[in-house]
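Trainee: Chains Z and B are the protein sequences, given in the same order. Quick note: to get the numbering used here, add 301 to the position in the first sequence (first position is 1). Quick note: to get the numbering used here, add 322 to the position in the second sequence (first position is 1). The structure is given below, and queries will be raised subsequently.
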Amino acid sequence: MTIIKVENLNKTFKVKQKEKGLKGSIKSIIKPKLNEIKAVKDINFSVDEGEMIAFIGPNGAGKSTTIKMLTGILYPDSGSIEVLGINPTKQRKKLSYEIGTVFGQKEQLWMHLTVYDNLKFFGAIYDISERETEERIKELSKLFDLQEFINTPVRNLSLGQRIRCEIVAALIHRPKVLFLDEPTIGLDPVVKENIRKLIKRMNNEYHTTVFLTSHDVSDIEKLCKRVIIINNGQIVLDDSMTNLKYHYLDKKVIEVKLKKKVDFNSVDGIKVLKSKENNLKIEIDTKKTDLTTVLRLIDPENIIDINISNTPLEEIISQIYRKE
Amino acid sequence: MLTVVKDIKNQLKVTCISIKYALMREMINKASFLMNIIFMILNNSCFIIQWIVIYSLKSEIGGYSFKQILLLWGISASTYGFAHFFFKKSFSLSDTITNGKLDSFLVQPKNVLISAITSEVEVSAIGDMIYGYILLFLSDINIFKFVLFTLFTICGGIVITDFAVIFASLSFWIGKSDTVADTANDLITNFSTYPDGIFKGLSKILLYTIIPVGITTYIPVKMLTEFKISLTAIVIVMSIILTLLTFGIFYKGLKKYSSSNLMISKI
Numbered sequence: 302m303t304i305i306k307v308e309n310l311n312k313t314f315k316v317k318q319k320e321k322g323l324k325g326s327i328k329s330i331i332k333p334k335l336n337e338i339k340a341v342k343d344i345n346f347s348v349d350e351g352e353m354i355a356f357i358g359p360n361g362a363g364k365s366t367t368i369k370m371l372t373g374i375l376y377p378d379s380g381s382i383e384v385l386g387i388n389p390t391k392q393r394k395k396l397s398y399e400i401g402t403v404f405g406q407k408e409q410l411w412m413h414l415t416v417y418d419n420l421k422f423f424g425a426i427y428d429i430s431e432r433e434t435e436e437r438i439k440e441l442s443k444l445f446d447l448q449e450f451i452n453t454p455v456r457n458l459s460l461g462q463r464i465r466c467e468i469v470a471a472l473i474h475r476p477k478v479l480f481l482d483e484p485t486i487g488l489d490p491v492v493k494e495n496i497r498k499l500i501k502r503m504n505n506e507y508h509t510t511v512f513l514t515s516h517d518v519s520d521i522e523k524l525c526k527r528v529i530i531i532n533n534g535q536i537v538l539d540d541s542m543t544n545l546k547y548h549y550l551d552k553k554v555i556e557v558k559l560k561k562k563v564d565f566n567s568v569d570g571i572k573v574l575k576s577k578e579n580n581l582k583i584e585i586d587t588k589k590t591d592l593t594t595v596l597r598l599i600d601p602e603n604i605i606d607i608n609i610s611n612t613p614l615e616e617i618i619s620q621i622y623r624k625e
Numbered sequence: 323m324l325t326v327v328k329d330i331k332n333q334l335k336v337t338c339i340s341i342k343y344a345l346m347r348e349m350i351n352k353a354s355f356l357m358n359i360i361f362m363i364l365n366n367s368c369f370i371i372q373w374i375v376i377y378s379l380k381s382e383i384g385g386y387s388f389k390q391i392l393l394l395w396g397i398s399a400s401t402y403g404f405a406h407f408f409f410k411k412s413f414s415l416s417d418t419i420t421n422g423k424l425d426s427f428l429v430q431p432k433n434v435l436i437s438a439i440t441s442e443v444e445v446s447a448i449g450d451m452i453y454g455y456i457l458l459f460l461s462d463i464n465i466f467k468f469v470l471f472t473l474f475t476i477c478g479g480i481v482i483t484d485f486a487v488i489f490a491s492l493s494f495w496i497g498k499s500d501t502v503a504d505t506a507n508d509l510i511t512n513f514s515t516y517p518d519g520i521f522k523g524l525s526k527i528l529l530y531t532i533i534p535v536g537i538t539t540y541i542p543v544k545m546l547t548e549f550k551i552s553l554t555a556i557v558i559v560m561s562i563i564l565t566l567l568t569f570g571i572f573y574k575g576l577k578k579y580s581s582s583n584l585m586i587s588k589i
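Below, the structure is given as structure tokens:
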């Protein structure tokens, strides 16, 4: 069942342009110059129920603008959006009962209140009865391990604990779709991993559809089965994570420790990334040369140690961003 | 109909909790909380001393006796206090709009404007409200006047808030409008502390229309001295009309809201 349906969506922002210095400021008062920036250009996609989708792109690509239009924060210029059959522009309130949002860069919790009081407040916002709120707090604090600090004011929590609470606050009304905008920003690797596990567990337990934006490739790789890449306001890729890896896997990286040095500089399809004494790191373009040829060139007798790996996903995504 | 009543009830409940939580935040520091209130009362008292001196020289100014001046200052202080205590954020709404701080209210199933302006309280405004009631007691008090004074405090406070929100909403169209909004808010505050008899012609018309000091202060003072039901009705009806207009303007502007990517925390 389709949960999110976006058709021919467009959004343009008018940004004031100013020449440098005081002269520029005076000029911009007399004759302001506005530049139209097309943040989102005619995008189309759909998301099914229970899917965990990564919506990624470089800074300024149009990710946040899209997510804000999907949640009813921004009005689109043209095109149509349906989230759970609801138009966010016309029925913002109705939609907000059905969705949860976590913006990693914007706190929604009251800092001076305890986690428990905050969750009670969110229960009231979504018109949930006190008894029902109590039950949900109990259930979610168990699932997200909040028991230890549920009575601590939010300002005294670590960033990781705070993000966990933000996610729980967004789940108190049992939303069908959860929008996560960079939820792991600024967190250390251990906490990041913890948050990912919790998101996965939540997806399994409640079958919540997750719409995730993140710059952290591990978030995407570990959580999502499908990825949509947006760049300059346009969708440049909408595919499964498996396809993304295999379609773009025409490069291999070989790290090898040799008995005798071998010169690869003149071989077509091989790029030397690092060379230090008898240690080599090379990148093979498998469209130009195959691995067997490379291994033959190295000579198996000459190898002390070898490691062959795929190009990291981060590199693949960067290539797509750069349109390579 | 039942859904509308339920919606209003739920909105009121959330608004009350929000104000309660905002007040709890201010009460964390007990000393500063109490000092803010006390010093505001003392600060306001300085102004009335000036009027005591003036009235020792003259028995009437602009058609107002000293007791009416007490009522004028009382109602000005209490309306100002009511608006700044309950709706503090309406006086910095321009900043909220231009810096994209409405996002968290937009994803909640409650009224965006009410949620945004009730998310903070101004502690010193409690001092203004207390001061307003002290002056009412000093002028001439009875139960009827007390009820009427409270009604005008609420209506006037709402009108002041409406006025602030309308000017702040200009930010949706023209970008930063905080200076315009601040000037407009100062106009109301300043004019509401002088008897309207000293204003003539165009300025008087302005004070009963564009700058609604007539609604917030002058008519209430008249009402508290010579009761006329029609005048009370005017104040109530005008408050409702202005409030509806305010919501209309804010929601029209909201379609132009452009958010932002600033790192923001709710403190």
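Just so it is clear, CB atoms sit at the ideal spot from N, CA and C, and this is done for glycine as well. A quick note: this is a predicted structure, and the numbers were derived from the prediction, not measured.
Since Z:ILE305 and Z:PHE512 should fall inside the 8 Å C-beta cutoff, what is the C-beta to C-beta distance between them, to a whole number of angstroms?
Mentor: Confirmed, Cβ separation roughly 7 Å.
Trainee: Strictly below 9 Å CB to CB, what residues from chain B border Z:ARG393?
Mentor: Result: LEU428, VAL429, PRO431 and VAL434.
Trainee: Please check if any C-beta of chain B sits within less than 7 Å of the C-beta of Z:TYR622.
Mentor: So, not an interface residue.
Trainee: At which residues does the alpha helix (DSSP H) containing B:ILE558 begin and terminate?
Mentor: Per DSSP, B:ILE558 belongs to the alpha helix (DSSP H) from 551 to 576.
Trainee: Quick check: the Cα distance between B:ILE371 and B:LEU364, rounded to an integer number of angstroms?
Mentor: Answer to the nearest angstrom: the Cα atoms are 11 Å apart.
Trainee: Suppose you measure from the CA of Z:SER541 to the CA of Z:LYS501; what does that come to, to the nearest Å?
Mentor: Approximately 17 Å, taken between the alpha carbons.
Trainee: Is Z:GLU616 helix, strand or coil when you go by DSSP?
Mentor: It is helical.
Trainee: Against Z:THR402, what residues of chain B qualify as contacts under a CB-to-CB distance less than 7 Å, listed in chain order?
Mentor: Here the neighbours are VAL429.
Trainee: List the residues of chain B that Z:SER397 touches, going by C-beta distances under 9 Å, in chain order.
Mentor: Within 9 Å Cβ-Cβ: LEU428, VAL429, GLN430, PRO431 and LYS432.
Trainee: In whole angstroms, what is the alpha-carbon distance linking Z:GLU320 and Z:LYS339?
Mentor: C-alpha separation (whole angstroms): 21 Å.
Trainee: Can you tell me whether B:CYS338 is buried or exposed? The criterion is at least 16 other CB atoms within 10 Å of its CB, across all chains shown.
Mentor: Under this definition B:CYS338 is an exposed residue.
Trainee: Less than 8 Å between C-beta atoms, sequence neighbours within five positions excluded: which residues of the same chain meet that for B:PRO517?
Mentor: So the list reads ILE383, GLY384, GLY385, TYR386, GLN390, ILE391 and LEU394, once near-sequence residues are dropped.
Trainee: Less than 7 Å between CB atoms is the rule here; does B:ALA332 satisfy it with respect to chain Z?
Mentor: It is Asn, not Ala, that sits at residue 332 of chain B in the sequence shown. So, interface residue.
Trainee: Tell me, please, whether the CB atom of B:LYS410 is closer than 7 Å to any CB atom in chain Z?
Mentor: Taking Cβ atoms only, chain Z never reaches closer than 7 Å to B:LYS410, which makes this a no.
Trainee: Using beta-carbon positions only, say whether Z:ILE400 and Z:PRO476 come within less than 7 Å of one another.
Mentor: Yes, the Cβ-Cβ distance between Z:ILE400 and Z:PRO476 is below 7 Å.
Trainee: Name the two residues that bound the continuous alpha helix (DSSP H) containing Z:ARG393.
Mentor: Start and end: 393 to 397.
Trainee: Could you spell out where the alpha helix (DSSP H) holding Z:ARG475 opens and where it closes?
Mentor: Segment: none, Z:ARG475 is in no alpha helix (DSSP H) and carries neither H nor E.
Trainee: Which of the residues in the segment 567 to 579 of chain B, read from start to end, lie with their CB under 9 Å from any CB of chain Z?
Mentor: Correct list: LEU576, LYS577, LYS578 and TYR579.
Trainee: Mind checking B:LEU324: buried by the 16 CB within 10 Å criterion, or exposed?
Mentor: Under this definition B:LEU324 is an exposed residue.
Trainee: If I follow the unbroken alpha helix (DSSP H) through B:LYS331, where does it start and stop?
Mentor: Where B:LYS331 is concerned, the enclosing alpha helix (DSSP H) stretches over 324 to 348.
Trainee: Look at Z:MET370 and Z:PRO377 and say whether their C-beta atoms are less than 7 Å apart.
Mentor: In this structure, Z:PRO377 lies closer than 7 Å to Z:MET370 by Cβ.
Trainee: Per DSSP, what are the beta-bridge partners of B:TYR386 in this structure?
Mentor: BP columns for B:TYR386 point to B:ILE383.
Trainee: Go through its chain and collect everything with a Cβ distance to B:ASP462's Cβ below 8 Å, but skip five positions before and after it.
Mentor: Cβ neighbours of B:ASP462 beyond the five flanking positions: LYS389.
Trainee: Give the interface partners of B:SER581 over in chain Z, defined as CB-CB distance under 9 Å, in chain order.
Mentor: Here the neighbours are SER365, THR366, LYS369, ILE374 and LEU375.
Trainee: Do the CB positions of B:ALA405 and B:GLY479 come within less than 7 Å of each other?
Mentor: Yes, the Cβ-Cβ distance between B:ALA405 and B:GLY479 is below 7 Å.
Trainee: Please report how far the alpha carbon of B:TYR402 lies from the alpha carbon of B:ILE482, in whole angstroms.
Mentor: Near 7 Å, if we compare the C-alpha coordinates of B:ILE482 and B:TYR402.
Trainee: Looking at chain Z, which residues of the segment 382 to 405 of chain B have a Cβ within less than 8 Å of any of its Cβ atoms?
Mentor: Cβ contacts with chain Z come from no residue of the segment 382 to 405 of chain B.
Trainee: Do we get a CB-CB distance below 7 Å when we pair B:ASP425 with the residues of chain Z?
Mentor: With 7 Å as the cut-off, B:ASP425 counts as an interface residue toward chain Z.
Trainee: Determine the DSSP secondary structure at Z:THR313, reduced to helix, strand or coil.
Mentor: Z:THR313 falls in the strand class under three-state DSSP.
Trainee: Can you name, in chain order, every residue of its own chain whose Cβ lies under 8 Å from the Cβ of B:SER603, other than the five neighbours on each side?
Mentor: For chain B, the structure presents residues 323 to 589; residue 603 of chain B sits outside this window and is missing.
Trainee: DSSP three-state label for Z:VAL537, please.
Mentor: Residue state, collapsed to three classes: strand.
Trainee: Which of helix, strand or coil does DSSP assign to B:GLN372?
Mentor: Residue state, collapsed to three classes: helix.
Trainee: On the three-state DSSP scale, how would you describe B:SER581?
Mentor: Reduced to three states, the DSSP call for B:SER581 is coil.
Trainee: Mind checking Z:MET353: buried by the 16 CB within 10 Å criterion, or exposed?
Mentor: Per the 10 Å Cβ criterion, buried.
Trainee: Can you give the beta carbon distance from B:LEU435 to B:PHE521, rounded, assuming they're within the 8 Å contact cut?
Mentor: Contact flag wrong, Cβ pair sits at about 32 Å.
Trainee: How would you list, in chain order, the residues of chain B whose beta-carbon sits under 7 Å from the beta-carbon of Z:LEU481?
Mentor: Ordered by position in chain B, no residue passes the 7 Å Cβ test against Z:LEU481, which lies about 13 Å from the chain.
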